[in-house]
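Participant: Residue numbers (our numbering), protein chains in the order written: chain W, 357 to 756; chain L, 31 to 355.
#1: Beta-carbon separation of residue 299 (chain W) and residue 572 (chain W) under 8 Å?
#2: Quick check: the Cα distance between residue 156 (chain L) and residue 735 (chain W), rounded to an integer number of angstroms?
#3: Output the boundary residues of the beta strand (DSSP E) element that contains residue 322 (chain L).
#4: Tell me which residues share the same chain as residue 689 (chain W) and place their Cβ nearer than 8 Å to its Cβ, disregarding the 5 neighbours each side in the sequence.
#5: Since residue 363 (chain W) sits in a beta bridge, which residues does DSSP pair it with?
#6: Between residue 145 (chain L) and residue 116 (chain L), which are expected to be in contact by the criterion C-beta below 8 Å, what is the C-beta distance as a whole number of angstroms?
#7: For residue 311 (chain L), which residues from the same chain have a beta carbon less than 8 Å from its beta carbon, with the 5 sequence-adjacent residues on both sides left out?
#8: How many whole angstroms separate the CB atoms of residue 709 (chain W) and residue 664 (chain W), which I take to be in contact at a CB cut-off of 8 Å?
#9: Looking at the C-beta of residue 302 (chain L), does it have a partner C-beta in chain W at a distance below 8 Å?
#10: Among the candidates W:480, W:549, W:603 and W:514, whose CA atom is the shortest distance from the CA of residue 377 (chain W)?
#11: Using a Cβ cut-off of 9 Å, which residues of the stretch 698–710 of chain W contact any Cβ in chain L, in chain order?
#12: Name the chain W residues whose beta carbon is nearer than 8 Å to that of residue 193 (chain L)?
#13: What are the boundary residues of the alpha helix (DSSP H) that includes residue 757 (chain W)?
#14: Which chain W residues sit within Cβ distance under 9 Å of residue 232 (chain L)?
#15: 8 Å is my cut-off, CB to CB: does residue 107 (chain L) come that close to chain W?
#16: Once DSSP output is grouped into helix, strand and coil, what is the label at residue 113 (chain L)?
#17: Can you check which of these residues, L:271, L:222 and L:261, is closest to residue 199 (chain L) by C-alpha distance?
#18: DSSP three-state label for residue 660 (chain W), please.
#19: If the cut is a Cβ gap below 7 Å, which residues of chain W does residue 53 (chain L) touch?
#20: Which residues, in order along the stretch 110–122 of chain L, keep a beta-carbon less than 8 Å from a beta-carbon of chain W?
#21: In whole angstroms, give me the CA-to-CA distance for residue 683 (chain W) and residue 515 (chain W).
#22: If the cut is a Cβ gap below 8 Å, which residues of chain C does residue 740 (chain W) touch?
#23: Measuring CA to CA, which of W:723, W:605, W:484 and W:428 is closest to residue 632 (chain W)?
#24: In chain order, what residues of the same chain have a beta carbon less than 6 Å from the beta carbon of residue 67 (chain L), not counting five sequence neighbours either side?
#25: Give me the Cα-Cα distance between residue 702 (chain W) and residue 592 (chain W), rounded to the nearest whole angstrom.
#26: Taking residue 726 (chain W) and residue 659 (chain W) to be in contact with their CB atoms under 8 Å, please state how far apart those CB atoms are, rounded to whole angstroms.
#27: Using the three-state DSSP reduction, which class does residue 510 (chain W) fall into: helix, strand or coil?
#28: Counting only beta-carbon separations shorter than 8 Å, does residue 70 (chain L) have a partner in chain W?
#29: Of all the CB atoms in chain L, is at least one closer than 8 Å to the CB of residue 746 (chain W)?
#30: In the DSSP assignment, find the beta strand (DSSP E) that holds residue 306 (chain L) and state where it starts and stops.
#31: Using the C-alpha atoms, what's the distance from residue 169 (chain L) back to residue 428 (chain W)?
#32: How big is the Cα-Cα spacing for residue 130 (chain L) and residue 182 (chain L)?
#33: Looking only at C-alpha atoms, which of L:178, L:175 and L:139 sits nearest to residue 164 (chain L)?
#34: Please decide whether residue 82 (chain L) counts as near chain W, where near means a Cβ-Cβ distance under 8 Å.
#35: To which residues does DSSP link residue 643 (chain W) through a beta bridge?
Here you go:
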């Protein structure tokens, strides 16, 4: 069966040149980069190059810190827990602001602080276009707010948030600003100096790098207690032997991703738009967020009468198409799509969202194939669907 | 936690091939119209259960022969995941040919069993069991419409775990009989809470009126209340073995005060009770400490000790052993 991968917001294929760059660091150059001998110094060079590649990709200044971590979940946890330690437990502040639609890495860390330490956390809503607006932050921020954490682009919808403005609001109140930029790298320019963020989280596997490596950017002058204590690697900020091959891979991947932004915003955006236009020809469908204020690769489409996991099943089992949903049955945690709830979509549609996310590898042929098969799946499932049947029930439907 | 909880098998890989087949090619998907019903001379019943806003909705169509109450034809429509569609399809299979009264006895466990590839392996993973519950509930709705009664009249019991169909009364009984102290034990004994886990505590997929943690807490509180009452009764009737620690201490002190202490004090000594323990062999060990002159008296481990022990045995319980520390 043909296979088409349209779940690139979940994870991506590793670029072959990234694999190539990594390979020597497994069996030839395997020294600990912090060792003094030749084995150490040759891997040290590889890490140093990766550091330069990451600094350059996000336009960090040499005075800033970019620390490699195991993933963006670690980066987000680190910021949230250490800001709590430094500015709330050992400081004068008592409040954190984030949004309803953050990644669980942020939400769960905030909920943990809330329940364990009684920290006050405000979860900002999105508007009907799926955007968290800067003025909403203004409504809730106080002089006691320690941290504002708002993602740069949403993983479900691709909607881009005005983080430059939000960072400015945060700074007016003396709060620090963190952004989870996992969905932004390689899709839109990320310039930490222009955005003026204090912290920024990244994850290599979202931009054709390997899984298990990420980074946290910290603006010069910001102090953050370490989360992992140990042998004082990375200036003592993040202990643990450096994951050399993966760091090298991340460096190469971020360079390629940033170089690929023009293609993303021309060719891939065109394919995305083509697919979106075609799928919206189906009646009773809508896509969340304005097309121009989304990452160029993402579509979150609601299909009335078709339950998300049922749709994923057909796409995968019948047509070999990999997509995603946040709907009830698909993920093992059995939740309704939080973003559809957050944008205030009709309750009947909470379980009807399908996310299609393209990558720089997506081809026109694949898009044409998906358009055709997607429509076939919708038509089969709507034929089964109770919401499209003509003979109506004689009782009053109950909820369970 | 365990290996399977840390990283279980991929969700869809745990579906039986029957589930996959029924999802891919449902046999009974469709509807029955009023015209068809009239043409075939049966009564049309159309029942809904669930809601799209909850993620699952099923509509069941029955054509019932009113003379025999037999379901001669059935169809379904479903908004739901693969498991929901497959279990609706199988549920319709199970309905056809049965009388309405027989159909009402079909449970979601029956549907799940029918979807198994082999009798020993569940058709769907635990967290998907709740998808088959809908199939069971919609039958009750259909039967209620057919009979013109309330669907709740078919449900005599309060069901706490819908996946495993475990009732409140069963849970209470099992907790009591086996002296269960944790939710994990309840799950081991009854399978309640083993599947979608919504019934364990608030915060799961579905909101409940009462959760396993509530049932456990309630029954344990009742059991504790009963134990105290029993102890109070025991105190009144002098049954030392059933008394609480405090009651036992009071009872021992009372006996000592009445028949022993005066002799100890006369010799310049005294004693106090330090602890009382039930042993596995059925003894009740009373640990005492001698005070004043008694602590150095040579008879404190022989004659005096014997006198104290035999008095307590006689007055309170013959299994008492007195142990000086």
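We put the beta carbon where it would ideally sit given N, CA and C, even for glycine.
Facilitator: According to the structure data:
#1: Examination of residue 299 (chain W) is not possible in this model, given that chain W is present from 357 through 756 alone.
#2: 30 Å
#3: For residue 322 (chain L), the enclosing beta strand (DSSP E) has its first and last residue at 314–322.
#4: Residue confidence is low: residue 689 (chain W) scores 45 on pLDDT, short of 50, so the model does not pin down where it sits. Its coordinate-derived value is still stated next. Result list for residue 689 (chain W): empty, nothing under 8 Å.
#5: W:713
#6: At roughly 6 Å, the Cβ-Cβ gap stays under 8 Å, so residue 145 (chain L) and residue 116 (chain L) are in contact.
#7: none
#8: 6 Å
#9: Closer than 8 Å: no.
#10: W:603
#11: 702, 703, 704, 705, 706, 707 and 708
#12: Simply none; closest approach about 12 Å.
#13: What the structure shows of chain W is the stretch from 357 to 756, and residue 757 (chain W) is not part of that stretch, so it cannot be assessed.
#14: Chain W residues near residue 232 (chain L): none, gap ~14 Å exceeds 9 Å.
#15: yes
#16: helix
#17: If you compare the alpha carbons of L:271, L:222 and L:261 with that of residue 199 (chain L), the shortest gap goes to L:222.
#18: coil
#19: 669
#20: 110, 111, 112, 113, 114 and 115
#21: Low local confidence applies: a pLDDT of 48 at residue 683 (chain W) is under 50, so the model's placement there is unreliable, with the coordinate-based value given in what follows. If I take the Cα positions, the gap works out to 19 Å.
#22: The chain inventory of the structure shown lacks chain C, comprising the protein chains W and L.
#23: W:723
#24: 74 and 93
#25: 50 Å
#26: In fact, because the Cβ distance is near 14 Å, the residues do not count as touching under 8 Å.
#27: For residue 510 (chain W), the secondary structure class from DSSP, reduced to helix, strand or coil, is coil.
#28: By the rule that beta-carbons nearer than 8 Å mark a contact, residue 70 (chain L) does not touch chain W.
#29: yes
#30: Residues 299–308.
#31: 48 Å
#32: 15 Å
#33: The shortest Cα separation from residue 164 (chain L) among L:178, L:175 and L:139 belongs to L:139.
#34: yes
#35: W:657
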